[in-house]
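Let me begin by presenting the structure, written as structure tokens, before commenting on it.
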Amino acid sequence: MARALIVEADGGSRGNPGVAGYGALVRDASTGELLAERAEPLGLASNNVAEYSGLIAGLEAAAEIDPSARVEVRMDSKLVVEQMAGRWKIKHEDMKRLALEAQEIVRSLTTAGGAVTWTWIPREKNKDADKLSNVAMDGETVVRNLWRTTEPDDPAEVSEPAVDATDAEAAAAPAPASAQAGRPVRVLMVRHGVTDFTVEGRLDGRGGPNPDLNKQGLAQARSVAAGIAAKTGDLPVRFIASDLSRAQETIRPAAEARGQQVEIDPDWDEQNFGEWDGELVRDLVQHKDFARLRDDPTYAAPGGGETHEQLTSRVRDALRRAVESASDGSVVVVATHRKPIMVVLAEVLGLDLAHAWMLAIGPGSFTGLELWADGHGSVSFVNDTNHLRATRGARAQ
């Protein structure tokens, strides 16, 4: 039976815009027990951006506790509550993007059988979330998954069966997540950070020059590491990257922070663009066949390029391997490229190539998925760049 949860969220900015941070917590609706806490600094941001960021963090924590939960969101921001409830319009571009991220999480909860309701509360009744947001503005990150330290009251809630001691082989090796009925595997896909090719607008596939991250990209990699820590907390994490240096450089700081190695899987590489690799896109658009590379899944660029169908086949295999080998309760973090992320989202959402191109996937962004053993899945968020705010703020100064 789905759990009933309460999310309390807040955010603040000392200067508006100024030094910002968010706080969020999750309680059991029946007992009031505190189940999770989140706080994260945001660098330079506005109050409204911080409040939306707190909402997203609270929803993500609730979905982690129970992907099909019935959630009541309580906030003292009338603006956020009314906008998320659909009664007020959203005009600011930053808030539109954040609202879309929140709506993706809401959609995943409702698709799984849950529900989300919105409640405005006065500031004095939101003190715990406000306290966490002030902790974040002081520069501290908080990720506490308190529900993992308590035993369930109802034995029926224990989903893992006892291991038969006579089955030595089964006892020696934990079952992969694909064998854990009803428990999805969390996949966090990270697009690589910025290279000089990214800035210049050049094609850069698996057969091309393979540039490293530039100064901005290296700063994004540090922000990616902080963002991964905030999203995964104390959960076990497996790090996978494509064979291209920019993907490995983007995820390496996060892996090193946990004392882990990055696994390399070339099937997560960007599409091979043949002799067009390294060319400026603004020049290639004049080529009579360039539109076919975008629109025709069977077309390969000249000089040994790869079709979209070939790309889809290997990315599908890479995702299957990553999910099937995931340990129970872990998060698989994959550093890859725009088109592989497009492929995965298209597979989960049932999009054709023309509609997949409409998905925005920025450098250094996060895309979150929950994938079940039966092949079904849900998209928790797309193009999340909250963790990059400090990087953008520093660059603007």
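Just so we're aligned: the sequence shown equals residues 1 to 397 in the UniProt record's numbering.
Don't be surprised by glycine CBs; every beta carbon is placed ideally from N, CA and C.
*Do you know offhand how far glutamine 103's Cα is from isoleucine 90's?*
13 Å
*Please classify lysine 231: is it buried, with 16 or more other beta-carbons within 10 angstroms of its beta-carbon, or exposed?*
buried
*Only counting runs of 3 or more residues, tell me where the beta strand (DSSP E) segments fall wholly within the segment 231-263, in order along the chain.*
237-241
*Would you mind reading off the limits of the alpha helix (DSSP H) that contains proline 340?*
338-349
*Would you mind listing the beta strand (DSSP E) stretches within the UniProt domain "RNase H type-1" (1-146) that are 3+ residues and don't spill past its ends, in chain order?*
4-14, 18-28, 34-45, 70-75, 115-120, 142-145
*What's the gap between the Cα of threonine 250 and the Cα of alanine 221?*
5 Å
*Residues bridged to phenylalanine 381 (per DSSP)*: Gly368
_Length-filtered (4 minimum) alpha helix (DSSP H) runs lying within the segment 255-308_ = 281-284, 290-295
*Mapping DSSP to helix, strand and coil, what is alanine 335?*
strand
*Give the straight-line distance between the Cα atoms of aspartate 269 and serine 325, rounded to the nearest whole angstrom.*
20 Å
*Which of the three DSSP states, helix, strand or coil, is assigned to arginine 206?*
coil
*Leaving out five residues on either side along the sequence, give the residues of the same chain with a beta carbon under 6 Å from the beta carbon of alanine 9.*
Ala24, Gly54, Leu55, Gly58, Met75, Ala129
_Length of the line joining the Cα atoms of glutamine 216 and serine 365_ = 14 Å
_Tell me the DSSP secondary structure of valine 185 in three-state form._
strand
*Between glutamate 40 and glutamate 309, what straight-line distance do the alpha-carbon atoms span, to the nearest angstrom?*
40 Å
*Helix, strand or coil for leucine 359, going by three-state DSSP, please let me know.*
coil
*Pairing CB atoms from the segment 62-70 with CB atoms from the segment 102-120, are three or more of them under 8 Å?*
yes
*When Ala62, Asn16, Gly21, Val49 are compared against alanine 2, the one with the closest alpha-carbon*: Ala62
_Whole-angstrom distance between valine 7 and aspartate 28, CA atom to CA atom_ = 9 Å
*Note down the Cα distance separating serine 178 from glycine 377, rounded to an integer number of angstroms.*
Interpretation of serine 178 is limited by its pLDDT of 39, a score under 50 that renders its predicted location unreliable; no figure is taken from the coordinates.
*Grab me the residues of arginine 123's own chain with a C-beta within less than 6 Å of its C-beta, minus the 5 sequence neighbours each way, in chain order.*
Asp76
_Beta-carbon contacts of aspartate 277 that lie in its chain and below 6 Å, excluding the five residues immediately before and after_ = Leu203, Gly205, Gly207, Gly208
*Compute the Euclidean distance between the alpha carbons of valine 382 and proline 266, then round it to the nearest angstrom.*
23 Å
*Below 7 Å CB to CB, which residues in the same chain sit around leucine 371 once its five sequence neighbours on both sides are set aside?*
Pro184, Val185, Val187, Val323, Gly377
*May I have the straight-line CA-CA distance separating aspartate 352 from alanine 335, to the nearest angstrom?*
23 Å
*For valine 199, does the three-state DSSP call read helix, strand or coil?*
helix
_Proximity below 8 Å, CB of glutamate 60 to CB of leucine 132_ = no
*Shortest alpha-carbon distance to glycine 362 belongs to which of Ala356, Val379, Thr385, Gly368?*
Thr385
*Can you list, in chain order, the residues of its chain whose CB lies under 7 Å from that of valine 331, leaving out five sequence neighbours each side?*
Arg186, Leu188, Thr232, Leu235, Val237
_Per DSSP, cross-strand counterpart(s) of arginine 191_ = Thr336
*Taking the Cβ atom as the reference point for each residue, do histidine 337 and alanine 247 lie within a distance shorter than 8 Å?*
yes
*Give the single residue among Ser223, Ala136, Val26 whose Cα lies nearest to the Cα of alanine 4.*
Val26
*Thinking C-alpha only, which one of Met342, Met95, Asn47, Lys125 is nearest valine 73?*
Lys125
*Assign proline 302 to buried or exposed, taking buried as 16 or more other Cβ atoms, counted over all protein chains shown, within 10 Å of its Cβ.*
exposed
*Nearest to threonine 119 by alpha carbon, out of Asn145, Thr141, Gly139, Gly86?*
Gly86
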